[in-house]
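Below is one structure; the comments refer to it alone.
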Amino acid sequence: MKIHEYQAKEVLARYGMTVPRGRVASTPEEARTIAQELGGRVVVKAQVHAGGRGKAGGIRLADTPEQAEQHARDLIGSRLVTPQAPQGVLVEKVLIEEAISIAQEYYLGITLDRARQRDVVMVSAMGGMDIEQVAEEHPEAIVKVWVEPWQGLMPYQARQALYEAGIAREAVPTATKFLLALFKAYVGSDASLAEINPFVLTQDGQCLAADAKLNIDDNALFRHPEFNEYREESHEDPIEAEAHRRGIQYVRLGGDIGIIGNGAGLVMGTLDEVSRAGGKPANFLDIGGGAKADLVRNALEIVLMDPNVKGVLFNVFGGITRGDEVAKGIIEGIQSLQVKVPIVIRLAGTRAEEGLALLQGTDLIPAVTMQEAARKIVEVTR
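Taking our numbering, the leading residue of the sequence shown gets 24, the next gets one more, and so forth.
Below, the structure is given as structure tokens:
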């Protein structure tokens, strides 16, 4: 789950990091009031889930409350087009913050390095820029530290990374505290990404998180009821949001062949086979282990909510999932949803024979292997 900058700063502040004074506004009038309360120059920042806001005109300086109101009026309700969102993202809120006098800008970030199976801490003196651009054009400017999961980020590792990155010596003690706190926030929030870009040293010697980004692992949200208020279904794919409400693991992929399977590995393997056969998967959907008929029926309904779906492939290998339950769910779905697209099914494992017997007399297309199932669904949807 992606959260907005102002929300990420709320989380970071709870872990002891200093952020600029400011509040979020949903109307131009609110923006003016907040600017008056802050006093002096302010920054009006569009709150959207996309990078590159500054170049796209989504971050604007205001010398007066009236100017802040006008900037907010221009931004709220508009669509901000950025390199990460060429189709444009609707701006519903703006963050009004005190303007700060920046002496130096740095980058602090943490994410998971899947290849090394470690969290990686990244530090760069080239803050304020798109970190992907820095990595491409100046990879030597990013210092990386891989963290042992049993140990966590140690103070000496943080200091060493900051010194190697060329952070000003006078900023290192405070920057070390920031980096350690950022790691605690990353772990404590079950985040998949935590960034402060830029982390700034001000003209008067303060260190602040001028911008912040925090992506929360969706699979860990049950442990964080405090993040429920951050969820904005209006910013989510409507089918993914409905699947989430029903407790179904679904990711929309943009193709035209619906995929339903049990177990993430089997589903991903099915996606690969369909792609090899020349098809384009419309989604990832995992019914999990021990799925009952009603869950299978709901899964079929979720997949068919995508108007681009021309056919559906079921690939189920039963362990604790029973083939007859899967078959009952498919039959219920076909009857109640009035399914008009072809369905290919590969059913193996526990009670698979009973399940296939239930499906006799239907229009479903059986397949013995995953490769055969992939070929058949591609053929019938061409």
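Built from N, CA and C at the ideal position, the CB exists for glycine as well. Model, not experiment: these values are computed from the prediction.
Reducing DSSP to helix, strand and coil, say where residue i ends up.
i	result
residue 117	strand
residue 171	coil
residue 378	helix
residue 190	coil
residue 109	strand
residue 393	helix
residue 136	strand
residue 46	strand
residue 78	coil
residue 315	coil
residue 141	strand
residue 204	helix
residue 269	coil
residue 176	coil
residue 238	strand
residue 95	helix
residue 214	strand
residue 400	helix
residue 26	coil
residue 346	helix
residue 372	strand
Return the bridge partner residues of residue i from the DSSP annotation.
i	result
residue 306	275
residue 222	129, 232
residue 367	336, 388
residue 86	DSSP lists no partner for residue 86.
residue 152	According to DSSP, which records beta bridges pairwise, residue 152 is partnered with nothing at all.
residue 165	147
residue 103	112
residue 67	83, 119
With a cut-off of 8 Å on the beta carbons, I'd call residue i and residue j a contact; round off their distance for me.
i	j	result
residue 279	residue 303	6 Å
residue 119	residue 46	6 Å
residue 341	residue 374	6 Å
residue 204	residue 117	Actually they do not touch by this definition, with Cβ atoms about 27 Å apart.
residue 102	residue 86	26 Å between Cβ atoms; not a contact.
residue 114	residue 98	5 Å
residue 32	residue 235	5 Å
residue 139	residue 169	6 Å
residue 332	residue 362	Wrong, their Cβ atoms sit about 10 Å apart, outside the cutoff.
residue 238	residue 25	5 Å
residue 106	residue 58	Contact doesn't hold; Cβ gap of about 29 Å is too wide.
residue 260	residue 275	5 Å
residue 284	residue 339	6 Å
residue 188	residue 146	4 Å
Taking the alpha-carbon of residue i as reference, which of the options has the nearest alpha-carbon?
i	options	result
residue 321	273, 364, 109, 96	273
residue 142	209, 26, 326	209
residue 402	301, 266, 84, 369	301
residue 356	148, 313, 184, 335	335
residue 223	398, 42, 178	42
residue 126	229, 167, 332, 175	229
residue 66	78, 72, 90	90
residue 382	395, 373, 367	367
residue 315	128, 354, 306	354
residue 200	131, 137, 25, 395	131
residue 349	323, 319, 58	319
residue 39	232, 150, 94	232
residue 149	140, 134, 185	185
residue 307	288, 153, 313	288
residue 347	337, 363, 379, 364	379
residue 360	327, 159, 333	327
residue 213	180, 249, 227	249
residue 389	226, 270, 337, 60	337
residue 27	255, 137, 195, 136	255
Out of curiosity, what's the CA-to-CA distance linking residue i and residue j?
i	j	result
residue 52	residue 124	26 Å
residue 317	residue 309	14 Å
residue 286	residue 215	22 Å
residue 251	residue 267	13 Å
residue 386	residue 325	20 Å
residue 75	residue 292	35 Å
residue 206	residue 400	46 Å
residue 171	residue 56	47 Å
residue 35	residue 71	18 Å
residue 121	residue 197	21 Å
residue 391	residue 404	19 Å
residue 398	residue 297	7 Å
residue 108	residue 78	13 Å
residue 193	residue 153	25 Å
residue 83	residue 191	28 Å
residue 178	residue 202	9 Å
residue 262	residue 226	48 Å
residue 61	residue 144	34 Å
residue 211	residue 396	43 Å
residue 345	residue 369	13 Å
Closer than 6 Å to a non-hydrogen atom of the ligand MG - does that hold for the CB of residue i?
i	result
residue 223	This structure simply doesn't include the ligand MG, nor any ligand for that matter.
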